[in-house]
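Peer 1: Quick note, the sequence shown lines up with residues 1 to 714 if you use UniProt numbering.
Here's a structure for you.
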Amino acid sequence: MTASRRTRPTPVWAGHPYPLGASYDGEGTNFALFSEVAEAVDLILVDDDGTGHRVPVTESDGFVWHCRLPGVGPGQRYGYRVHGPWQPQLGHRCNPAKLLLDPYARAVDGQCDNHASLFERTPGGPSPADSAGHTLLGVVTDPYFDWGDDRPPRRPYAETVIYEAHVRGLTRTHPEVPEELRGTYAGLAHPAVTGHLTSLGVTAVELMPVHQFAQDGVLRDRGLSNYWGYNTIGFFAPHHAYAAHGSRGQQVAEFKSMVKALHAAGLEVILDVVYNHTAEGNEQGPTLSFRGIDNASYYRLVDGDRAHYYDTTGTGNSLLMRHPSVLQLIMDSLRYWVTEMHVDGFRFDLAATLARQFHEVDRLSAFFDLIQQDPVISRVKLIAEPWDLGEGGYQVGNFPPLWSEWNGKYRDTVRDFWRCTEHTLGEFASRLTGSPDLYQHGRRRPRASVNFVTAHDGFTLRDLVSYDGKHNEANGEDGRDGESVNRSWNCGAEGPTDDPAVLALRARQQRNLLATLLLSQGIPMLCHGDELGRTQGGNNNAYCQDNEVSWIDWREAAGRRALTDFTRYLIGLRAAHPVLRRRRYFRGETATHAGQPLPDLVWLAPDAREMTEDDWERPDAHSVGVFLNGDAIAEPDPRGRPVVDDSFLILLNSYWEPVEFTLPGAAYGERWTTLLDTAEEDGPPDETEHKADGALTVGARSLVLLTRAARTAR
């Protein structure tokens, strides 16, 4: 697009340095771009036929280059050319041959195509090849949208059940969604999809990355694509490929309509956001935006070798979190998604990188200080993936009080318990009760722990109990990618099978894991499709599989309604009983039942004795009971009313043989009613009653849930 160097004969006003990005006011558009290193900046307006017109930006205040163009409005595509030093050894990589995406673009059109012009591969200097026509363009958007009576659901943390979902994968094959809407924001907003979510009982949808991301050239060469989307290039723009109605700003309105529909269904919207790195990679990657605008300000460079990037994310680069303009970019982005797009929270990918001001992970870094004092962001749900790949990057339990965290230790321990791994019972008990060993020391509450057994990264629930190892051949990496081992679940066979006994045991283990997740204190998170028995054929790293491998197969799921009903029943139990989702940790409060004071939590051996230290330390301890005293919650509900609940007894047996449990004495309750037995294949059992001190056999590898009524009416 050589025409992009033409100067456009259009009125140019000085405009304003804030807000950054392209801001339409009904009569014209203000353009503002930060670059501390730039010597000159050209705004390029791109017509429908690809012709570009150059508008010199001559005003600069505080390193922000700005102008206002009357008559330029929504739908206008644009980019920048930045003139400045090419000094890689000092961290500067300006090259006006590269047409650059505005970091603050509210919408993006086009896609980068891995063309040679995007790269700097000439020895001794910048490549003269022009990247116009091969890269992404910003789009001016209309900020107006009729939100009507939209209100954020504001679900209390204790009532939250998260459903991790992929916009495309959740809806791509749904038979009730019109074909033209499948795989899009509009498809996710369809009543068939929202109806499934609300009937299941989840309260929040956590969307895998929807910020505009770029496709990886290496994957393109293998006939694959970046499906997960952890390759962000536009922190303000909804990814245009998920829009059914166009990419000239229509994606913004479609995203807002999706949020409005989910809110109307009572569902919160949480975004999985990737502020730790960008799609430009290291010095071998494409120049799309930040690198050409101000490389040394946006990226962490290696001390003493600023031609290379300091990488704690495994993607080639990390954003420079101690630079004020990077912090401003992230905070402006977060506020935009809350105030303009009405989202309800964020899950931060590789959040430990956001804490790295220098080399160490600093719990009190500038980023977290900004979040703490921000009147907008501090009020929404904040969830950290509390690790990265750098030294000291595993930070589970170390984030500030406002934050919740993906609890990787919960995932690992619960899996180990149901695999019947030795020396697991003690830690399992901590995970089931909200991981107080990780969070309580900082006066945090169970909401700090986001509990999960499966997530997008790894096996699906069905595959977890069906495969001893990964089967990632379709990724084209010779099996080197993904978690290296799964470890056997001893289900009798691996992979597809018609053996009824094997299938029954696999189904039971899925029920065990789901029941444990939804009966644990903390915030449960389901991975989309696990309630439907979704399989990826043993692929535990389907990041590049935008196809039937990753999409939910809704037609097959219709034959697995028993698992869906089981999940729905558990979520309903959790919603109905505050003792299963306490707002505070167990603290030893007591309440009297049948004249006997009972603590809020009691761990019981199979013979009904209270567990001793020796019991916990036995390597072969695989069975335990836990009493949850609903009479002793000792905390008001969110409206300040005293809470009294039914009491529960959970009997867990991960051993491969049945175990006989003795029910506790009458002080705990004279009669217990069975609500759940994972050994039952046909859903919840009849509500059989059991007397105090009686015997109850818990089947091999199964869980039984019993209840007794509260001492007073709730």
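Glycine included, every Cβ here is placed at the ideal spot set by N, Cα and C.
What's the call for His166, buried or exposed, on a 16-neighbour Cβ count within 10 Å?
Peer 2: Here residue 166 is taken as the residue at index 166 of the sequence shown, counted from 1. Buried, since its Cβ has 16 or more Cβ neighbours within 10 Å.
Peer 1: Taking the straight line between their C-alpha atoms, what separation do you get for Pro524 and Thr194?
Peer 2: Along the sequence shown, one-based indexing puts residue 524 at 524. Along the sequence shown, one-based indexing puts residue 194 at 194. Going from the Cα of Pro524 to the Cα of Thr194 covers about 19 Å.
Peer 1: Can you list, in chain order, the residues of its chain whose CB lies under 8 Å from that of Tyr163, leaving out five sequence neighbours each side?
Peer 2: Counting from 1 along the sequence shown, the entry for residue 163 is found at position 163. Leu197, Leu200, Val202, Ala204, Val205, Glu206, Met525, Leu526, His528, listed in sequence order.
Peer 1: For Gln212, report the span of its beta strand (DSSP E) as first-last.
Peer 2: For the purposes of this step, residue 212 is identified with residue 212 of the sequence shown, where counting begins at 1. Counting along the chain, the beta strand (DSSP E) containing Gln212 begins and ends at 211 to 213.
Peer 1: Report yes if the C-beta distance between Leu532 and Leu580 is below 8 Å; otherwise report no.
Peer 2: By one-based count along the sequence shown, residue 532 stands at place 532. By one-based count along the sequence shown, residue 580 stands at place 580. Not closer than 8 Å, so no.
Peer 1: I'd like to check one pair, Leu33 with Val46: are the Cβ atoms closer than 8 Å?
Peer 2: Here residue 46 refers to the residue found at position 46 when the sequence shown is read from its first residue. Here residue 33 refers to the residue found at position 33 when the sequence shown is read from its first residue. Cβ distance not < 8 Å, so Val46 and Leu33 don't count as in contact.
Peer 1: Starting from Ser60, follow the alpha helix (DSSP H) in both directions and report where the run begins and ends.
Peer 2: Working through the sequence shown from its first residue, we reach residue 60 at position 60. Unbroken run through Ser60 is the beta strand (DSSP E), 59 to 61; no alpha helix (DSSP H).
Peer 1: Out of Thr697, Glu385, Gln545, His622, which has the shortest C-alpha to C-alpha gap to Arg168?
Peer 2: What you label residue 168 is simply residue 168 of the sequence shown in a count that begins at 1. Of Thr697, Glu385, Gln545, His622, the residue nearest in Cα terms is Gln545.
Peer 1: Only counting runs of 4 or more residues, tell me where the alpha helix (DSSP H) segments fall wholly within the region 23 to 106, in order along the chain.
Peer 2: If we require 4 residues or more, the region 23 to 106 turns out to have no alpha helix (DSSP H) run fully inside it.
Peer 1: Are the region 548 to 560 and the region 478 to 486 in contact at 8 Å, needing three or more beta carbon pairs?
Peer 2: The region 548 to 560 vs the region 478 to 486: no contact.
Peer 1: Provide the residue(s) that pair with Met525 in DSSP beta bridges, ordered along the chain.
Peer 2: As a working note, residue 525 is residue 525 in the sequence shown. Answer by DSSP bridge pairing, in chain order: Ile162.
Peer 1: For Pro233, name the three-state secondary structure that DSSP assigns.
Peer 2: Looking up residue 233 in the sequence shown gives position 233. Looking at the sequence shown, residue 233 is not Pro but Ile. Ile233: strand per DSSP, three-state reduction.
Peer 1: Whose C-beta lies closer than 7 Å to the C-beta of Gln536 among residues of the same chain, with five residues either side of it excluded?
Peer 2: Against the sequence shown, residue 536 aligns to sequence position 536. Thr460, Asp463, Ala542, Val549, Ser550, listed in sequence order.
Peer 1: For a quick check, are the C-beta atoms of Ala515 and Leu438 less than 8 Å apart?
Peer 2: To locate residue 515, count along the sequence shown from 1; it is residue 515. To locate residue 438, count along the sequence shown from 1; it is residue 438. Not in contact: Ala515 and Leu438 (Cβ atoms no closer than 8 Å).
Peer 1: Applying the criterion that 16 or more other CB atoms from any shown protein chain within 10 Å of the CB defines a buried residue, is Asp677 buried or exposed?
Peer 2: In the sequence shown, the residue the question calls residue 677 occupies position 677. Asp677 comes out buried.
Peer 1: Mind checking whether His239 and Val210 have CB atoms under 8 Å apart?
Peer 2: As a working mapping, residue 239 is identified with position 239 in the sequence shown. As a working mapping, residue 210 is identified with position 210 in the sequence shown. For His239 and Val210, yes; Cβs fall inside 8 Å.
Peer 1: Give me the Cα-Cα distance between Leu20 and Asn539, rounded to the nearest whole angstrom.
Peer 2: The residue given as residue 20 occupies position 20 in the sequence shown. The residue given as residue 539 occupies position 539 in the sequence shown. For Leu20 and Asn539, the distance between alpha carbons rounds to 42 Å.
Peer 1: With distance defined between alpha-carbon atoms, name the residue in Tyr242, Ala307, Gly234 nearest to Gly187.
Peer 2: Position 187 of the sequence shown, counting from 1, holds the residue named residue 187. It is Tyr242.
Peer 1: DSSP three-state label for Ser117, please.
Peer 2: By one-based count along the sequence shown, residue 117 stands at place 117. The answer is helix: DSSP assigns Ser117 an H, G or I state.
Peer 1: So what does DSSP say about Asp349, is it helix, strand or coil?
Peer 2: Looking up residue 349 in the sequence shown gives position 349. DSSP places Asp349 in coil when its eight states are reduced to three.
Peer 1: Give the single residue among Arg379, Gly314, Asp369 whose Cα lies nearest to the Cα of Arg339.
Peer 2: Position 339 of the sequence shown, counted from the first residue, corresponds to residue 339. Per the sequence shown, the amino acid found at residue 339 is Thr instead of Arg. Measuring from the Cα of Thr339, the nearest candidate turns out to be Arg379.
Peer 1: Can you tell which of Ala279, Val252, Gly217 has the C-alpha that lies nearest to the C-alpha of Leu101?
Peer 2: Position 101 of the sequence shown holds residue 101. Ranking the options by Cα distance to Leu101, first place goes to Ala279.
Peer 1: Just to confirm before moving on: does the CB-CB distance between Asp631 and Ala591 stay below 8 Å?
Peer 2: On the sequence shown, residue 631 is found 631 positions in, with the first residue counted as 1. On the sequence shown, residue 591 is found 591 positions in, with the first residue counted as 1. Closer than 8 Å, so yes.
Peer 1: Relative to the alpha-carbon of Ala38, which residue among His308, His92, Phe627 has its alpha-carbon at the smallest distance?
Peer 2: One-based indexing of the sequence shown puts residue 38 at position 38. The shortest C-alpha separation from Ala38 is found at His92.
Peer 1: If you draw a straight line from the C-alpha of Val396 to the C-alpha of Asn407, how long is it?
Peer 2: Start at 1 with the first residue of the sequence shown, and residue 396 comes out as number 396. Start at 1 with the first residue of the sequence shown, and residue 407 comes out as number 407. Those two C-alpha atoms are separated by around 7 Å.
Peer 1: Which residues share a DSSP beta bridge with Thr662?
Peer 2: Taking the sequence shown and counting its residues from 1, the one referred to as residue 662 is at position 662. Answer is Ala695, bridged to Thr662.
Peer 1: Could you tell me if His456 is buried or exposed, where buried requires 16 or more neighbouring beta carbons within 10 angstroms of its beta carbon?
Peer 2: Along the sequence shown, one-based indexing puts residue 456 at 456. It is buried - the Cβ of His456 has at least 16 other Cβ atoms within 10 Å.
Peer 1: DSSP on Ala591, reduced to helix/strand/coil?
Peer 2: To locate residue 591, count along the sequence shown from 1; it is residue 591. Ala591 falls in the strand class under three-state DSSP.
Peer 1: Between the region 128 to 141 and the region 94 to 111, do at least 3 Cβ pairs fall closer than 8 Å?
Peer 2: Short answer: they touch.
Peer 1: Taking Leu675 and Leu628 to be in contact with their CB atoms under 8 Å, please state how far apart those CB atoms are, rounded to whole angstroms.
Peer 2: Here residue 675 refers to the residue found at position 675 of the sequence shown. Here residue 628 refers to the residue found at position 628 of the sequence shown. At roughly 13 Å, the Cβ-Cβ gap does not stay under 8 Å, so Leu675 and Leu628 are not in contact.
Peer 1: At what residues does the beta strand (DSSP E) containing Leu703 begin and finish?
Peer 2: Walking along the sequence shown from the start, residue 703 turns up at place 703. Element bounds for Leu703: 702 to 708.
Peer 1: For Gly50, which option in Arg106, Asn30, Ser623, Leu137 has the closest C-alpha, if you only look at C-alpha atoms?
Peer 2: Taking the sequence shown and counting its residues from 1, one reaches residue 50 at position 50. Per the Cα distances, Leu137.
Peer 1: Under a Cβ-count criterion, where at least 16 other Cβ atoms within 10 Å of its own Cβ denotes burial, should Trp603 be classed as buried or exposed?
Peer 2: Residue mapping note: residue 603 aligns to position 603 of the sequence shown, counting from 1. The residue in question, Trp603, is buried, as its Cβ has 16 or more Cβ neighbours within 10 Å.
Peer 1: Whole angstroms is fine: what's the gap from Glu617's alpha carbon to His423's?
Peer 2: Position 617 of the sequence shown holds residue 617. Position 423 of the sequence shown holds residue 423. If I take the Cα positions, the gap works out to 7 Å.
Peer 1: On the premise that Ile293 lies in contact with Ser35, defined as a C-beta separation below 8 Å, what is that separation, rounded to the nearest angstrom?
Peer 2: To locate residue 35, count along the sequence shown from 1; it is residue 35. To locate residue 293, count along the sequence shown from 1; it is residue 293. Confirmed, about 5 Å.
Peer 1: If Gly73 sits next to Thr29, beta carbons under 8 Å apart, how far is it from one beta carbon to the other, in whole angstroms?
Peer 2: Numbered from its first residue, the sequence shown carries residue 73 at position 73. Numbered from its first residue, the sequence shown carries residue 29 at position 29. So it is a contact: roughly 6 Å between Cβ atoms.
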